[in-house]
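Here's the structure, in structure tokens; my notes come after.
Protein chains: 2
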Amino acid sequence: MPRIVVEVMPKPEILDPQGTAITHALGRLGFEGLGEVRQGKRFEVAVDAVDDATLARVREAAETLLSNPVIEDVVAVRAAD
Amino acid sequence: MPRIVVEVMPKPEILDPQGTAITHALGRLGFEGLGEVRQGKRFEVAVDAVDDATLARVREAAETLLSNPVIEDVVAVRAAD
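Chain order of the listed sequences is D and C.
Per my numbering, the first sequence runs over residues -8 to 72.
Per my numbering, the second sequence runs over residues -8 to 72.
Now the structure itself:
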């Protein structure tokens, strides 16, 4: 089955303690020169076909169930590579 | 600062209880016709420049810190849109 990818990230103004912890860990592991890390979610949704109607339905599902609109943004809804 | 996106997904053979729970919830919420959902992680890493060396360093960080190679695959390391 083809798949649609949904990408969700915390809103920029929202504190991301997990991302901050990763940022510090990268420094401790010697990955110098890499800046701030932010962590979000990635979903793959199996669909019958990737068409505009299905993309719209997956976006609606993303905005109601796969993300919390108060603290997260749906940053991408696209056909899987 | 430019950013590099890292996308991590559970290996196909790995059970994804969270994804299964979401799949059932979508059905209950009336999103008919959407198939199996799998959930992974998405990171944004701020970098000084997006070049091959930095992409390679971020991929190395992804494979050592941002994912668990036993149960997860790094499916993409790319410049943010």
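Even glycine gets a Cβ: it sits at the ideal position worked out from N, Cα and C.
With respect to the C-alpha of K2(C), the residue from V(-4)(C), I(-5)(C), G10(C) having the closest C-alpha is G10(C). For R33(C), the nearest beta carbon of chain D is closer than 9 Å to its own beta carbon. Per DSSP, G31(C) is one residue of the beta strand (DSSP E) stretching across 25 to 38. Assigned with DSSP and collapsed to three states, V49(D) falls in helix.
Residues of chain C whose Cβ lies closer than 7 Å to the Cβ of E27(D) are, in chain order, A37.
Contact annotation, L17(D) with V38(C): C-beta distance approximately 11 Å; criterion of less than 8 Å not satisfied.
At the C-beta level, V(-1)(C) and V65(C) come within 9 Å of one another. Counting only Cβ-Cβ distances below 7 Å, E(-2)(D) has contacts in chain C at R33, in chain order. When the beta-carbon positions are compared, I13(C) and V28(C) come within less than 9 Å of each other.
For A70(C), the enclosing beta strand (DSSP E) covers residues 63 to 70. Taking 8 Å as the cut-off between beta carbons, the residues of the segment -3 to 18 of chain C near chain D are E(-2), V(-1), M0, G10, I13, A16, L17, in sequence order. In terms of Cα proximity to V41(C), the closest of R19(C), R33(C), F22(C), R69(C) is R69(C). Only exposed fits R19(C), as fewer than 16 other CB atoms lie within 10 angstroms of its CB.
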